[in-house]
Structure formats: structure tokens, C-alpha cells
Amino acid sequence: MTFRIALVGNPNVGKSSFFNSVSGESQKVANWPGKTIEKRSALIRLDGKEIELTDLPGAYSLAPLSEDERIVLDAISSKEKFDAIIQIVNSSNLERNLYLTTDLLSRGENVVCAINFLGPSGGQGIDEKALGKGFGIPFVKVDARKKESALQAIRLALESKGAFRKKSALFKRSDSPKRRYLAISGILKGAVKRKATTPKTSLDFDSFALNPILGPLLFLAIMFGIFHLTFLLSEPINSLFDLLFGAPAELAVELAERAQFLPKWFPSLLENGILAGLGAVISFLPQIATMSFLLYFLEDSGYLARAAAVLDSLLRRFGLGGKAIIPMLLGFGCNVPAIMGTRIIREERAKKIAILSIPFMSCSARLPVYVLFSGVFFPGKEAVAVFCLYVLGFAVALLSAYFMKPLFSGGEGAGEGRDILLIELPKYQFPYPKNLVVDTRESLRSFAERAGTIILGASVVMWFLASAPYGVEYGSKESLAGSIGGIFSPVFAPLGFDSWHASLAIINGMVAKEVVISSFATTYGTGEGAELSRRISDEFSPDAAVAFMIFVLLYIPCFAALGAIRSETGSWKTTFLASIYYVAVAYIFALVGRFAFLLFSGGIPA
Amino acid sequence: MKTPQRLSDMSCGRECVVVEISAGRELSFRLGELGIFKGAKLSVAKSIGKGPVIVRVFGGELAIGRGQAEKILVECLK
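Structure representation (C-alpha cells):
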């Protein structure tokens with residue numbers, strides 16, 4: 368029998384550290400059924416027993432206010448009960464953490480509490496025996512980063528064997544929050560001796576981070592820093608990448624050409640389709656890895672909650688009520704979970720506006736396009752260019768929300784749920800590197816998965832279109848790809864890019880934005896690297912490149928995001944109208960952007 | 002006799018006790034879960050312009066929107 372343990376805890380208490388140190392390499396990542404939120408679990412063996420450890424998302428209580436908390440509640444109240452629950456509590460913030468414990472106990476869960484973050488004091492002054500007596504469950508001090516220490520909590524959970532699964536006499540589900548807090552305070556009084564310390568640094572930094580004027584500026588500065596670092600750090604990895612994969616790829620093509628038993632078209636498929644298309648996208652892995660690493664760093668440090676708090680009042684002015692900021696920031700990673708994250712917005716109208724605005728937030732799949740184009744046209748200023756695009760996307764999202772406000776009737780004044788802002792500010796901390804590495808690896812894995820499925824598929828289709836009909840020169844205007852792209856290219860002529868390659872790339876980009884690059888690489892037949900850059904610089908003028916990047920930023924994000932819009936709004940009509948809207952907005956901004964660029968760089972072409 | 006003031010009007014560094022929450026059931030419950038209920042002690046860590054009020058309560062820090070802070074009446078302890 369596998370012993371099933373769930374890991375719960377408030378956000379930023381060291382839950383991931385605990386999970387990572389205990390599970391090591393045996394982690395399995397999937398999604399929660401019907402959700403895009405990750406579910407991490409691991410099978411571990413300890414003292415001859417098999418244990419399945421599931422890491423639940425961070426939660427402050429079981430009254431679900433966020434999508435994460437809803438998952439925790441669903442997981443805990445599902446039919447397949449966990450044999451035990453280990454709650455990680457933060458030693459410096461016991462009262463707030465133990466509130467969740469009272470919620471778990473009132474549901475009759477078998478809970479073991481692991482006190483983490485003992486800090487330099489080593490948890491002195493916390494009497495875990497007294498805590499255990501007070502709550503009627505085992506408490507243990509652990510250092511979540513150390514495997515042996517973390518395993519202690521698992522052992523305790525194993526020993527408990529459900530002994531604590533009885534309706535706690537202490538806490539009932541009907542108890543008011545006040546009653547619970549008073550009970551917690553009562554127990555803590557006898558179990559914890561320590562002076563009330565105020566983390567001075569946190570407060571001082573917050574004078575900037577939470578200042579209504581300086582805060583948003585600081586946020587912009589930090590984001591800019593992230594883009595800058597992304598380019599700075601990924602450059603050496605990039606060269607290494609070329610070295611590692613360039614030669615073997617060429618060798619593979621050569622071997623395929625020599626192999627008599629393979630069909631004649633195969634080397635071309637391998638070189639122009641698979642290697643060119645896939646390689647073009649994969650070559651941006653270093654940038655994607657660096658950026659996700661830095662964004663995770665920001666999240667784990669506790670800063671992101673501050674950014675959300677300080678940007679909230681800005682967003683509100685644009686009609687994006689209350690909690691929209693968190694899903695919007697999630698949109699920088701991927702629009703799909705961001706759109707699903709709007710479920711936490713109770714008010715229908717605000718939710719709809721948020722859903723429709725999120726696709727303007729630049730997701731990581733759009734990054735390769737910016738990297739390639741700004742590298743070709745604005746060398747040395749890539750970070751500035753990428754930063755401007757991200758800010759433009761954010762600004763368009765806000766403007767779009769503002770103008771959409773009057774479009775959706777009803778919902779005005781729908782009670783106080785409309786614009787509630789209540790955000791917990793976790794203590795600042797230096798992120799634990801191992802967690803960052805695990806998270807980054809995870810985002811790379813999901814990227815690789817897309818590369819192996821959608822992008823590979825699209826590349827092969829693209830190769831076929833560029834080769835057919837039989838006998839035509841590869842990637843020429845006469846090919847199927849050329850004629851399809853050619854139909855649309857007049858539409859894009861005012862934006863400065865009227866080659867069929869560009870039109871086709873844009874059409875393909877609706878499948879997934881990474882495909883934009885692989886489409887160029889396959890239809891040019893160049894693969895990634897210098898050759899692709901040369902073709903791009905030949906075919907685009909700088910102003911057309913600006914227009915192209917803006918268009919890619921703003922038009923239909925991808926089919927998956929449209930699917931998410933459909934399922935969250937429940938309306939095909941809305942989804943359809945939204946798609947047209949995105950294309951129109953993209954077109955207008957690309958046009959304006961192109962001429963603005965021409966105006967500033969001097970000289971409008973005749 | 003002290004008169005209750007709105008939390009949104011409190012200046013930084015003040016310690017106070019909640020005397021009244023004039024909010025509906027849902028907001029009251031949520032505030033309660035975060036440790037803000039009648040009789041709870043809190044201190045104002047930051048309150049700037051139109052931004053959120055940052056309070057320290059039960060050892061944690063919390064950003065409360067101005068609109069919600071207006072609904073919380075407090076009395077100063079000192």
C-alpha cells in the first residue's frame with residue numbers, strides 16, 4: 368500500500384524546498400485535472416515503505432479565494448483521502464500560518480506540522496512539544512533544505528497512521544476567524560518565547576516598492592533589468608549551444624544524403640523542415656531559460672506580491688478591478704494559465720475585461736521573435752527594444768480595458784466584491800537556488816514538449832508546403848507556401864513587409880508564436896543562426912521590422928489562448944470577435960509604430 | 002474618550018485596535034481570516050497617497066486596498 372501524503376502551507380514558507388529536497392530526481396509533473404496549474408508529485412521509499420508525496424499549491428486558508436486555494440480544497444476534500452497532511456509553517460509567522468492548521472483540523476485531517484525557517488536563532492524559544500499539546504498534533508522543527516531534516520516530518524506522518532484523523536475537539540468548521548485566532552494566540556503564549564522583531568530592511572525597501580509613484584517605476588526598472596540580464600547571461604550559453612548542436616546537425620544531414628536506402632526527399636525534410644524549423648526555435652532556449660529563471664527569482668524573493676499591490680491602483684483606473692493584476696503578470700509567462708487565473712475575479716464584467724486584455728501581455732513564446740529581429744536591426748540595444756515591446760503590450764492591455772469598460776453593461780456596483788484588494792506580503796528572502804533550478808528546468812521541459820509536438824508538426828507541414836507541388840524549387844514563390852503567403856502579402860504591404868514569407872509566418876504564428884521563427888527558417892530553408900539573420904536583414908527594412916514585432920506582439924496569441932478564452936467566457940461569439948479585435952489592434956499599432964519609427968529615425972520613404 | 006478613525010486615515014507607525022468593520026459578510030469574513038476582526042491589534046506599516054494601506058497583523062504583512070481600509074474603524078492605542 369502506498370502511503371499518500373499531501374504537502375500544504377502558505378505561499379513562501381519553504382514548501383517547494385521541502386518537496387525538492389525530499390523527492391530529489393523522482394519528481395513527476397502533471398497538471399491538475401482540467402487545470403493548467405502544475406501538480407507535482409514524487410514516489411519515495413523510506414524505511415521500506417512506499418510514499419507518494421503530492422505538493423499542493425500555496426494557500427492561506429481553505430476558503431478558496433484563488434485558483435490555487437480552490438485546488439488545495441478540492442484535493443483535500445476529494446474521495447481519495449490523503450493518509451496524512453504535512454503542513455509547512457514558517458517560524459517567523461506562526462499565527463498566520465497556524466490559521467490554515469485550524470482549517471485542516473476542523474475538517475478532521477491527519478496533520479503533522481513542520482516548522483521551517485528557523486533562521487539564525489535555530490528556532491530557539493519555540494517549544495514544539497507545547498505546540499503539539501495545544502493543537503493535539505505532532506510538531507517538528509525542520510530545515511526544509513536538508514533532506515535528512517525534512518525526512519523527520521515524513522517519518523512522523525508515517526507513524527501517525529491516521530491517529531489524528533478525528534474531528535478535532537478544538538476547532539469546528541463553524542468557528543469564526545476571531546475565535547480561531549484567539550485560540551492560536553492562547554496556545555502560542557505558552558509555547559513561544561521571543562521578542563517581537565521587526566525586519567527593518569523589508570520595511571525600508573517597501574518605502575520604494577509600495578510607494579504609489581515610485582513603486583510602478585521601480586517595477587519598470589526591475590523588468591528592464593531582467594531583460595537586460597536575459598541578453599547578457601544567455602549570450603555565452605548561446606555560443607555554447609551553437610557549438611554543441613551545429614556540427615552534429617550538419618553531420619546528420621550529410622549522412623542522410625549519403626544513405627542510399629532513404630527516399631530522395633528525406634534529406635531535404637531533415638534539413639529544411641525538421642532541423643531548420645525546430646532548430647530555429649530551440650536556439651532560443653537559453654533566453655527562455657534565463658528569463659524564466661529571473662522571473663522565478665522575483666517571485667520567490669517576495670517582490671512580486673508587492674508589485675501586484677502597487678500596480679493594483681493603477682490597474683483600477685483602467686477598469687481592471689481588484690485582482691486582475693496577478694493573472695496579468697502571469698501573462699508574461701504564458702497567456703493560457705493567465706486567462707484561466709481570472710477565475711478569481713468574482714465580478715463578471717471585470718473578469719471578462721481581464722480575459723480579453725491578457726493576450727496583449729507578451730508571453731515567453733513571443734520572445735524569440737523579438738530576440739531575432741532586434742538582434743538583426745538593433746544590435747547592442749536588444750534589451751531596450753524588448754523592454755519597449757513588453758511595456759507596449761502592457762499599455763495596450765490597459766487601454767483596451769479602459770475602452771472596453773462601457774461595452775459591457777451591468778455588474779456596476781455589484782457589491783463590495785467588485786474591487787477588493789487584500790494581498791499578503793510575504794517576507795523578503797533570498798530565493799533558494801535549488802528551487803529556481805527545478806522551476807526553470809520545468810519551464811524548459813514544457814517548452815521542449817511544445818517543440819516536439821506543435822512546432823515540429825508545423826515545421827513538417829511548412830516544409831511540405833514549401834516543397835509542393837512536385838518539381839518546384841524549394842521555398843520559391845511558385846511553391847504552395849509561396850502562393851498561400853502571396854495571397855495575404857498585399858494586406859501587409861502598408862506595414863512594410865510584403866514578402867510571402869512574412870505573411871505565411873504570421874498565419875502560422877496563430878498556431879503558436881514560436882512557429883513564426885520556424886516558419887521563416889523552413890521557408891527560407893536556412894535553419895537558425897547567421898544565415899537566417901542575413902535573410903531577415905535582406906528582406907526587412909528597420910521600420911518594417913518594428914511593425915512586424917509590434918504585430919506579432921499584439922495579434923492573436925495562439926490557438927491555445929483562444930481556447931482558454933472560449934472556455935472562460937463560454938462564448939464562441941466573444942472568442943471570434945476577440946480574434947478580429949486582436950488582429951485589428953495589431954494592425955493599427957504596427958502601422959502607427961512603423962511611421963513613428965520612420966519619423967524619429969528621419970525620412971519617410973517615398 | 003477616543004473617537005474611532007478610519008484605518009485609511011491612520012498615519013504610519015500607529016498601533017491600533019479594530020473597533021468596527023462596516024463591511025458585508027463576505028469582506029468581513031475574508032478580513033477575519035487574515036487576522037482583522039473586532040478587537041484585533043494591528044499596526045500601520047505604510048500608508049501613502051492613494052496606494053494600499055500596509056498593516057502588520059499577527060506577525061504578517063498585508064496590503065489592504067484604500068476602499069477596504071475605509072471600512073475598518075480603529076482606535077489608537079497610544
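Each protein sequence line maps, in turn, to chains X and W.
Each residue of the first sequence is one higher than the one before, starting from 368 at the first, in my numbering.
Each residue of the second sequence is one higher than the one before, starting from 2 at the first, in my numbering.
Here a beta-carbon is modelled for each residue, glycine too, at the ideal position from N, C-alpha and C.
Query, Result
"For SER48 (chain W), the three-state DSSP class (helix, strand or coil)", "strand"
"Proximity test, Cβ basis, 8 Å: GLU434 (chain X) and chain W", "no"
"The beta strand (DSSP E) enclosing ALA481 (chain X), as first and last residue numbers", "478-483"
"Option in X:PHE859, X:LEU537, X:SER938 and X:ILE711 with minimal Cα separation from VAL950 (chain X)", "X:PHE859"
"N- and C-terminal bounds of the beta strand (DSSP E) containing GLN69 (chain W)", "Not the beta strand (DSSP E): GLN69 (chain W) falls in the alpha helix (DSSP H), residues 67-70."
"Proximity of LEU420 (chain X) and LEU467 (chain X) at Cβ, strictly below 8 Å", "no"
"Listed by chain order, chain W residues near TYR795 (chain X) by CB distance under 8 Å", "Going along chain W, no residue has its Cβ under 8 Å from TYR795 (chain X), so there is no contact; the nearest lies around 10 Å."
"Against chain X: residues of the stretch 37-55 of chain W by CB proximity under 8 Å", "PHE38, LYS39, GLY40, ALA41, ALA46, LYS47, ILE49, GLY50, LYS51, GLY52, PRO53 and ILE55"
"Of the listed residues X:SER445, X:ALA750, X:SER650 and X:ILE482, nearest to GLY587 (chain X) (C-alpha basis)", "Rather than Gly, the amino acid found at residue 587 (chain X) in this sequence is Leu. The candidate whose alpha carbon is nearest that of LEU587 (chain X) is X:ALA750."
"Unbroken beta strand (DSSP E) run spanning PHE651 (chain X), endpoints", "Premise fails: PHE651 (chain X) is in no beta strand (DSSP E) and is neither H nor E."
"CA-to-CA distance, SER680 (chain X) to GLY784 (chain X), given in whole angstroms", "For GLY784 (chain X), the pLDDT reaches just 44, beneath the cut-off of 50, and the residue's location in the model is therefore unreliable, although a value from the coordinates is still provided. Between GLY784 (chain X) and SER680 (chain X), the C-alpha separation is close to 16 Å."
"Inter-residue CB distance, ARG540 (chain X) and ARG474 (chain X) (contact presumed, cutoff 8 Å)", "7 Å"
"Member of X:GLY700, X:LEU723 and X:ALA872 whose CA lies at the smallest distance from the CA of TYR948 (chain X)", "X:LEU723"
"Cβ shell of ARG673 (chain X) (< 8 Å), same chain only, five flanking positions each side left out", "ASP573, ALA576, LEU577, GLY582 and LEU792"
"Residues in the stretch 797-810 of chain X having any Cβ partner in chain W nearer than 9 Å", "none"
"Closer than 8 Å to chain X by CB, GLU62 (chain W)", "yes"
"Closer than 8 Å to chain W by CB, GLU456 (chain X)", "Glu is not the amino acid found at residue 456 (chain X); the sequence shown has Val there. VAL456 (chain X) does not count as touching chain W."
"beta-carbon ILE493 (chain X) near the ligand ATP non-hydrogen atom, thresh 7 Å", "With respect to small molecules bound, the structure shown includes none, and the ligand ATP cannot be examined in it."
"Given ARG817 (chain X) as reference, the closest of X:LEU765, X:LYS880, X:PHE664 and X:GLU935 once Cα atoms are compared", "X:LYS880"
"Per-residue DSSP class, three states only, for ILE874 (chain X)", "helix"
"When W:LYS3, W:SER29 and W:GLU34 are compared against CYS17 (chain W), the one with the closest alpha-carbon", "W:LYS3"
"Contacts of ASN578 (chain X) in chain W (Cβ-Cβ under 9 Å)", "LYS47, ILE49, GLY50 and GLY52"
"Neighbouring residues, chain W, relative to TYR769 (chain X) (Cβ below 7 Å)", "None at all; the shortest Cβ gap to chain W is about 18 Å."
"Three-state secondary structure assigned by DSSP to PHE370 (chain X)", "strand"
"Straight-line gap, ASP865 (chain X) to ALA914 (chain X) (C-alpha atoms, nearest Å)", "12 Å"
"Helix, strand or coil at LEU78 (chain W) according to DSSP, with G and I counted as helix", "coil"
"Completely contained alpha helix (DSSP H) runs for the stretch 806-884 of chain X, where each covers 4 or more residues", "823-834, 847-859 and 867-876"
"Close Cβ partners of GLY499 (chain X) (< 7 Å) along its chain, the five nearest in sequence each way excluded", "PRO505 and PHE506"
"CA-to-CA distance, ASN464 (chain X) to PRO861 (chain X), given in whole angstroms", "58 Å"
"Within chain W, the residues that ARG463 (chain X) reaches when beta carbons sit closer than 7 Å", "GLY36, PHE59, GLY60 and GLY61"
"Minimum C-alpha distance to TYR795 (chain X) - residue among X:GLY391, X:PHE484 and X:VAL439", "X:PHE484"
"Three-way DSSP call (helix, strand, coil) for THR4 (chain W) in this model", "coil"
"For CYS755 (chain X), the first and last residue of its enclosing alpha helix (DSSP H)", "749-771"
"Range covered by the beta strand (DSSP E) that runs through LEU420 (chain X)", "416-422"
"Coarse secondary structure for LEU792 (chain X), derived from DSSP in three states", "strand"
"Three-way DSSP call (helix, strand, coil) for GLY323 (chain X) in this model", "For residue 323 (chain X) there is no data in the structure shown, the boundaries of chain X being 368 and 973."
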